[in-house]
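As they're listed, the protein sequences go chains A and B.
If you're matching positions, the first sequence starts at 0 in numbering that gives the first Met the number 0 and goes up one per residue.
If you're matching positions, the second sequence starts at 0 in numbering that gives the first Met the number 0 and goes up one per residue.
We put the beta carbon where it would ideally sit given N, CA and C, even for glycine.
Data block below; observations after.
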Amino acid sequence: MSYLFFPGCSLDGTAKDFRRSTLAVAAKLGLELPELRDWICCGSTAAHSTDPLLADALPAKSLSAAGGNTVAVACAACYSRLKTANHHIAGDAVLRARVARVVGADYDGGTPVLHLLEILCRDIGRARIAQTIIRPLVGLRVVCYYGCLLARPPEITNFDDAENPTLMDQLMETAGATPLDWPNKTECCGAAFSITEASIVLELTNQILSMAQAAGADCIATACPLCQLNLDMRQRDIERKFGRRYNLPVFYFTQLLGLAMGCSSSELSLASLVVEPQGLLESKGIGR
Amino acid sequence: MIAATIEIGDVGGALAAEVKTRSGASPMSCYQCSKCSSGCPVAFRADLKPHELVRMVQMDQREVVLASRFIWECTSCQTCITRCPQKVDIAAMNDALRAMSRAAGKVAPETTVPVFNDVFLSSVRSRGRVYELGLMAAYKLRTGRLLEDADKAPMMLSKSKLPPLGPRVRGRAQRQGMFRRAAEGGDK
Numbered sequence: 000m001s002y003l004f005f006p007g008c009s010l011d012g013t014a015k016d017f018r019r020s021t022l023a024v025a026a027k028l029g030l031e032l033p034e035l036r037d038w039i040c041c042g043s044t045a046a047h048s049t050d051p052l053l054a055d056a057l058p059a060k061s062l063s064a065a066g067g068n069t070v071a072v073a074c075a076a077c078y079s080r081l082k083t084a085n086h087h088i089a090g091d092a093v094l095r096a097r098v099a100r101v102v103g104a105d106y107d108g109g110t111p112v113l114h115l116l117e118i119l120c121r122d123i124g125r126a127r128i129a130q131t132i133i134r135p136l137v138g139l140r141v142v143c144y145y146g147c148l149l150a151r152p153p154e155i156t157n158f159d160d161a162e163n164p165t166l167m168d169q170l171m172e173t174a175g176a177t178p179l180d181w182p183n184k185t186e187c188c189g190a191a192f193s194i195t196e197a198s199i200v201l202e203l204t205n206q207i208l209s210m211a212q213a214a215g216a217d218c219i220a221t222a223c224p225l226c227q228l229n230l231d232m233r234q235r236d237i238e239r240k241f242g243r244r245y246n247l248p249v250f251y252f253t254q255l256l257g258l259a260m261g262c263s264s265s266e267l268s269l270a271s272l273v274v275e276p277q278g279l280l281e282s283k284g285i286g287r
Numbered sequence: 000m001i002a003a004t005i006e007i008g009d010v011g012g013a014l015a016a017e018v019k020t021r022s023g024a025s026p027m028s029c030y031q032c033s034k035c036s037s038g039c040p041v042a043f044r045a046d047l048k049p050h051e052l053v054r055m056v057q058m059d060q061r062e063v064v065l066a067s068r069f070i071w072e073c074t075s076c077q078t079c080i081t082r083c084p085q086k087v088d089i090a091a092m093n094d095a096l097r098a099m100s101r102a103a104g105k106v107a108p109e110t111t112v113p114v115f116n117d118v119f120l121s122s123v124r125s126r127g128r129v130y131e132l133g134l135m136a137a138y139k140l141r142t143g144r145l146l147e148d149a150d151k152a153p154m155m156l157s158k159s160k161l162p163p164l165g166p167r168v169r170g171r172a173q174r175q176g177m178f179r180r181a182a183e184g185g186d187k
């Protein structure tokens, strides 16, 4: 099985561990993820809040180079921007013509875009994944945090239930962990306000971490570079500001899946996590 | 089952009409149920909550709307549009209002989001991708917020989260053309 991989900018930097763990899991499954050649940034929030036409043109430039192949995305923000541009361009002939003039080539909005969670759960399937689980995460209580942009708005992403997605929970169950029911799966972490107005992020991540703790979680699983960074890196600032200490490791779901498949800590870049998970993993008999 | 939305056409002032043309959102369809504000993650600190902002647009309050802090504090989380019974796309409306606010010189003085957006897009234009370390440095220099989160860069470097060298995708001249044509509206 093969998809063209659109890693997105974060996976070359702050989320290098997401890239490494994705490729490690893919290798265990025989899933090929050649990188989409010369992909450019999706434009993220900066583009759509500055110039809506540019926000559709940047994804169109990358997607038109996919030659009709399905594109696989790891970052929830890239996923949202690529799917939104497809939705806009495929549904509006006038906009399609304007985007074509901006990009310099016509694009019909038809390149299929899938998130890794969709590929793993729907295309590969839990039965096949279960065959690769050699070190099940028994006793690990995990809350799955989807963030905003995978499931919303459902008319565009068509990902899963918008209020109660379960794809990541299903994978964690397959990996032998215990996914917990909790109400903050799709609450916003504050995203890029981490740079421009950190007080928003501290308030929102404190609520999410607080609910994860109340649910009895040992750790959090994420599928977005900004969500992971905000929930992980801001725990020290939250302690300073609100006097609450969580010490909750925040993994990419691919890191937890990779552990269950027998990948090493270094293959999964566990050392990049700010809240160190080694103590937790050893206490559950998972760490090496 | 989702009930059919009520389309409201020939009502409203110039602001509502401009917002609709620019964003496709239909502010006049809002009947003030305030479900958006109930789910909005930043409503707790907003000078105008989402349903209040829409009401101000309906009432043609251009000055208040374009100067509001909320349009810059919206996280684009899409909760409002997902839950709105009338499908008023407040997130898209805010995108349009941000551009209008900048064009009118009404940007709320507290926000640095436009600076962030500019340095972000400038990295995309020249490199094709975002160079995170360069982006943070440029943002700090432009805003003078040099000491804020000063502990983060060393920590991120030690965790291999910030490669010192930035990415560079070929086709810079072509990208600059794309940015220019997009700013001109893609009409030629």
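Beta-carbon separation of Phe250 (chain A) and Met167 (chain A) under 8 Å? no
Quick one: which residues of the segment 152-169 of chain B get their C-beta closer than 8 Å to a C-beta of chain A? List them in chain order. Met154, Met155, Lys158, Ser159, Lys160, Leu161, Pro162, Pro166, Val168, Arg169
Within this structure, are the beta carbons of Leu132 (chain B) and Leu96 (chain B) separated by less than 8 Å? no
Cβ shell of Arg80 (chain A) (< 8 Å), same chain only, five flanking positions each side left out: Cys41, Gly42, Ser43, Ala46, His47, Ala54, Leu57, Pro58
Closest to Ala211 (chain A) by CA distance: which of A:Asp231, A:Thr195, A:Ser198 is it? A:Asp231
Counting contacts by CB-CB distance shorter than 8 Å, is Ser28 (chain B) in contact with chain A? no
Leu201 (chain A) to Leu208 (chain A), Cα distance in whole Å? 10 Å
Reference Ser157 (chain B), options A:Gly109, A:Gly12, A:Tyr2, A:Pro6, closest by Cα: Cα-wise, what sits closest to Ser157 (chain B) is A:Gly12.
Taking only beta-carbon atoms, is Phe69 (chain B) less than 8 Å away from chain A? no
Strand pairing of Phe250 (chain A), partner residues [DSSP]: A:Ala220
Any contact of the segment 164-179 of chain B with the segment 259-278 of chain A, i.e. 3+ C-beta pairs under 8 Å? no
May I ask you to list the residues that DSSP assigns as paired with Arg140 (chain A)? A:Thr177
If the cut is a Cβ gap below 7 Å, which residues of chain A does Thr81 (chain B) touch? Simply Arg151, Pro152, Pro153, Ala161.
Take every Cβ of the segment 51-70 of chain B, pair it with every Cβ of the segment 14-22 of chain A, and state whether three or more of those distances are shorter than 8 Å. no
Along the chain, where does the beta strand (DSSP E) containing Val56 (chain B) start, and where does it finish? No beta strand (DSSP E) holds Val56 (chain B); the alpha helix (DSSP H) holding it covers 49-57.
Along the chain, where does the beta strand (DSSP E) that runs through Ala71 (chain A) open and close? 70-72
What number of angstroms, rounded off, separates the C-alpha of Leu272 (chain A) from the C-alpha of Cys73 (chain B)? 28 Å
Please tell me whether Ile133 (chain A) and Lys82 (chain A) are closer than 8 Å, where the distance is taken between their beta carbons. no
Taking a cut of 7 Å between CB atoms, which residues from the segment 91-102 of chain A lie near chain E? Protein chains A and B are contained in the structure displayed, whereas chain E is not.
Given that a residue counts as buried once 16 or more other Cβ atoms are within 10 Å of its Cβ, and exposed if not, what is Met0 (chain B)? Reliability of the predicted coordinates at Met0 (chain B) is poor, the pLDDT of 49 falling under 50, and the value obtained from them is presented with this limitation in mind. Exposed, by the Cβ-count rule.
Segment limits, alpha helix (DSSP H) that includes Leu279 (chain A): Per DSSP, Leu279 (chain A) is one residue of the alpha helix (DSSP H) stretching across 277-282.
Neighbour list for Gly184 (chain B) in chain A, Cβ cutoff strictly below 8 Å: In chain order: Leu52, Arg97.
Val112 (chain A) in three-state terms, based on DSSP: strand
Just to confirm the assignment, what range does the alpha helix (DSSP H) spanning Phe69 (chain B) have? It spans 69-72 - the alpha helix (DSSP H) in which Phe69 (chain B) sits, taken as one unbroken run.
Could you check if Glu275 (chain A) belongs to the surroundings of the ligand GDP, using beta carbon to heavy atom distance under 7 Å? In the structure on display, the ligand GDP does not appear, and there are no ligands present to speak of.
Is the beta carbon of Tyr145 (chain A) closer than 8 Å to that of Lys184 (chain A)? yes
Ignore the nearest five residues each way along the sequence and tell me which others in Phe4 (chain A)'s own chain have a CB closer than 7 Å to its CB. Leu32, Pro33, Glu34, Leu35, Ala71
Going along the segment 19-48 of chain A in order, which residues come within less than 8 Å of chain B, judged by CB to CB distance? Listed in sequence order: Asp37, Trp38, Ile39, Cys40, Gly42, Ser43, Thr44, Ala45, Ala46, His47, Ser48.
What residues from chain A crowd round Pro112 (chain B), counting only those whose CB sits closer than 7 Å? Checking the sequence shown, residue 112 (chain B) turns out to be Val, not Pro. Within 7 Å Cβ-Cβ: Thr195.
Closer than 9 Å, Cβ to any Cβ of chain B: which residues of the segment 162-194 of chain A, in chain order? Glu162, Thr185, Glu186, Cys187, Cys188, Gly189, Ala190, Ala191, Phe192, Ser193, Ile194
Length of the line joining the Cα atoms of Leu113 (chain A) and Ala150 (chain A): 12 Å
Quick one: grab the DSSP three-state call for Met0 (chain B). For Met0 (chain B), the pLDDT reaches just 49, beneath the cut-off of 50, and the residue's location in the model is therefore unreliable, although a value from the coordinates is still provided. In this structure, Met0 (chain B) counts as coil in the three-state DSSP scheme.
Backbone CA spacing between Asp50 (chain A) and Leu146 (chain B) [nearest angstrom]: Distance between the alpha carbons of Asp50 (chain A) and Leu146 (chain B): 31 Å.
Is Phe178 (chain B) helix, strand or coil when you go by DSSP? helix
By DSSP, does Ser288 (chain A) sit in helix, in strand, or in coil? Examination of residue 288 (chain A) is not possible in this model, given that chain A is present from 0 through 287 alone.
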